[in-house]
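Engineer: Just passing along the structure, written as structure tokens.
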Amino acid sequence: MEILIATLVVTALGLVVGVALVLTEKKFHVEVDERVSRVRDLLPGNNCGACGYAGCDAMAAVIVSRDAPVYACPVCSNDAVAAIGKIMGVEAGPADKRVAFVRCAGTCEKTTVRAAYVGVNDCRAAAMAGLMIGECSYGCIGLGSCAKVCTVNAIKIRQGVASVDTEVCIGCALCNKACPNGLIKMTPAKKRYAVPCHNEDKGAQVKKVCSAGCIGCGACVKVCETGAISVENNRARIDYAKCTACGKCAEKCPTKIIRPFHHGAAVKGA
């Protein structure tokens, strides 16, 4: 009898708890928009955080809530963006692909090593130690922190400088965050010319530490017919909205630091 009573009590409690859970679920139920899962399936699934959100699930949610445009994921292909646009009922023009660009051409041939680094094989560790490995304090440290965080193996260290394979690069910007010298920036993949130099010292000092560096002479500015080039902080900068890719700046540059932007397999200093 005692066992029967205990069984009945437990059964009754289970029923009460079950009913309570059902009522609670109905009261606090939140409708989930089925478009979230459909958009999520179209996202790359890298959870790289390049979009500024915690991951692809969060990205899908903000797209569906219209707090972000359908092209907000920088890693999505144009086809995926178009498909997301159809789900959301909006026209989605192809988003310009952005890839990592290393603003340094100071290879072993162009600059010299100041000190031998002995320690953790990581650029950030070397930077935290306050050690300048190369003569140029702005240049690539070359220990490969960017390559280590790249999930698609698009970055290699060639002659002491990080080099990006733009065909493989997905534009996640993890390398940008990993570089302690701020050398890597995300840039339009379709651009034609680039200035792979981050040194902001005056020309005479630049020439002392790197034969490939921008000396801020302004020769490029004078020949640019569209006003696409300016010299800021002793370094040439290109406004790609104005650039017509005529190549006159590259021809005039005395150090040849303005170079064609190579697509595909990484080229040293590009």
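The sequence shown begins at 0 in numbering that gives the first Met the number 0 and counts up one residue at a time. Note that the Cβ used here is the ideal one computed from N, Cα and C, for glycine as well. No experiment lies behind these values; they were computed from the predicted model shown.
To which residues does DSSP link G133 through a beta bridge?
Structural biologist: Against the sequence shown, residue 133 aligns to sequence position 134. V112.
Engineer: For Y137, which residues in the same chain have their Cβ closer than 6 Å to its Cβ, ignoring the five residues on either side in sequence?
Structural biologist: Along the sequence shown, one-based indexing puts residue 137 at 138. Only H197 and N198 meet the Cβ criterion.
Engineer: Give me the residue from A172, T254, P253 and V220 with the minimum Cα distance to D238.
Structural biologist: Your numbering for residue 238 matches position 239 in the sequence shown. Per the Cα distances, V220.
Engineer: Determine the closest residue to G217 out of L182, T254 and R123, with distance taken between C-alpha atoms.
Structural biologist: Sequence index remark: in the sequence shown, residue 217 carries index 218 (1-based). G217 has its Cα closest to that of T254, out of L182, T254 and R123.
Engineer: Using the beta-carbon count (16 or more within 10 Å), is V74 buried or exposed?
Structural biologist: Walking along the sequence shown from the start, residue 74 turns up at place 75. Looking at its Cβ environment, which holds 16 or more other Cβ atoms inside 10 Å, V74 is buried.
Engineer: I need the DSSP call for I86, collapsed to helix, strand or coil.
Structural biologist: What you label residue 86 is simply residue 87 of the sequence shown in a count that begins at 1. Of the three classes helix, strand and coil, the one that applies to I86 here is helix, per DSSP.
Engineer: My output table needs one value for T6: the three-state DSSP class, helix, strand or coil.
Structural biologist: The residue labelled residue 6 in the question sits at position 7 within the sequence shown. Residue state, collapsed to three classes: helix.
Engineer: Can you round the beta-carbon distance between M58 and L42 to whole angstroms, since I take them to be within the 8 Å contact cut?
Structural biologist: As a first step, residue 58 must be located in the sequence shown, where it is residue number 59. As a first step, residue 42 must be located in the sequence shown, where it is residue number 43. Right, their Cβ atoms sit about 6 Å apart.
Engineer: Roughly how many whole angstroms lie between the Cα atoms of T282 and G159?
Structural biologist: Outside the shown range of the chain, which is 0 to 269, sits residue 282, and nothing can be said about it.
Engineer: Determine the direct distance from the alpha carbon of K147 to that of A115, and round the result to whole angstroms.
Structural biologist: Counting from one through the sequence shown, the residue named residue 115 turns up at place 116. Counting from one through the sequence shown, the residue named residue 147 turns up at place 148. About 21 Å.
Engineer: How would you write the range of the beta strand (DSSP E) that K184 sits in, first residue to last?
Structural biologist: Along the sequence shown, read from residue 1 onward, the residue named residue 184 stands at position 185. Residues I183 to P187.
Engineer: Given this structure, state the Cα-to-Cα distance separating S144 from V222, to the nearest angstrom.
Structural biologist: As a working note, residue 144 is residue 145 in the sequence shown. As a working note, residue 222 is residue 223 in the sequence shown. Cα-Cα distance, rounded: 38 Å.
Engineer: To which residues of the same chain is A99 closer than 6 Å at the C-beta, ignoring the five residues directly before and after it?
Structural biologist: For this step, residue 99 is matched to residue 100 along the sequence shown. Closer than 6 Å at the Cβ level, and outside the excluded window around A99, lie V163, C168, C174 and I183.
Engineer: Does the separation of the CB atoms of G170 and R97 fall below 7 Å?
Structural biologist: Start at 1 with the first residue of the sequence shown, and residue 170 comes out as number 171. Start at 1 with the first residue of the sequence shown, and residue 97 comes out as number 98. Yes; because the gap between Cβ atoms is below 7 Å, this pair is in contact.
Engineer: Return the bridge partner residues of I154 from the DSSP annotation.
Structural biologist: Counting from 1 along the sequence shown, the entry for residue 154 is found at position 155. Paired residue(s): V163.
Engineer: Rounded to whole angstroms, what's the CA-CA distance from C122 to C139? Just pull it up for me.
Structural biologist: The residue labelled residue 122 in the question sits at position 123 within the sequence shown. The residue labelled residue 139 in the question sits at position 140 within the sequence shown. For C122 and C139, the distance between alpha carbons rounds to 9 Å.
Engineer: Name the residue from M87, E33 and D95 whose alpha carbon lies nearest to the alpha carbon of K189.
Structural biologist: Counted from its first residue, the sequence shown places residue 189 at position 190. Nearest option by C-alpha distance: D95.
Engineer: If we call anything under 7 Å between Cβ atoms a contact, is V230 one with G215?
Structural biologist: Walking along the sequence shown from the start, residue 230 turns up at place 231. Walking along the sequence shown from the start, residue 215 turns up at place 216. The answer is yes: Cβ separation under 7 Å.
Engineer: Bridge partners of A235, per DSSP?
Structural biologist: For this step, residue 235 is matched to residue 236 along the sequence shown. Looking at the DSSP assignment, A235 forms a beta bridge with V230.
Engineer: What does a CB cutoff of less than 8 Å around M185 pick up in its chain, not counting 5 residues either side in sequence?
Structural biologist: The count along the sequence shown starts at 1 and reaches residue 185 at position 186. For M185, where only same-chain residues beyond five positions count, the Cβ hits under 8 Å are P73, R97, V98, A99, F100, G170, A172 and N175.
Engineer: Assuming C103 contacts P195 (C-beta within less than 8 Å), just tell me the rounded distance between them.
Structural biologist: By one-based count along the sequence shown, residue 103 stands at place 104. By one-based count along the sequence shown, residue 195 stands at place 196. Sure, about 6 Å apart at Cβ, within 8 Å.
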